[in-house]
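Visitor: Residue 51 in our numbering sits at position 16 of the sequence shown, with consecutive numbering throughout.
For every residue, glycine included, the Cβ atom is placed at its ideal position computed from N, Cα and C.
Please read through the structure below; I'll follow up with questions.
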Amino acid sequence: MIYEGSLDDGVTLFIYFGLLSVVITIWRLTAKNVTQREKYILLGAWGILPPIWFLVEYFFIFIPYGVKGAFNYFQYGQGVASKVWGAVFALISISLYSSKDK
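Right under this line is the structure:
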């Protein structure tokens, strides 16, 4: 456990929100009626928001409120999340690059 109490619940809820965002992004990318504009919005959102979250979680949540001795667990979770983020970002980029409507 990285956090305790209601803070742990809030971060867990945010993780579920992130996973739902991945599902919605993949769903929109595979839709037949997705526009280039929508793909660029997704690319911008996925390019900016996850790195901001990583910084906010580390500096404003983990450092002041994290459980002592949980840094390795926190670091592992951040590593996994960053790999998922990179994969989604790459998927959106490939979808834009391979699109016929350039």
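Could you tell me if PRO99 is buried or exposed, where buried requires 16 or more neighbouring beta carbons within 10 angstroms of its beta carbon?
Guide: exposed
Visitor: Within this structure, are the beta carbons of ILE61 and LEU126 separated by less than 9 Å?
Guide: yes
Visitor: Return helix, strand or coil for ASN107, following the three-state DSSP convention.
Guide: helix
Visitor: Looking at PRO85: is its Cβ nearer than 9 Å to the Cβ of GLY53?
Guide: yes
Visitor: Roughly how many whole angstroms lie between the Cα atoms of PHE106 and PHE89?
Guide: 14 Å
Visitor: Using 10 angstroms around the beta-carbon of TYR108, count the other beta-carbons present and answer buried if the total reaches 16, otherwise exposed.
Guide: exposed
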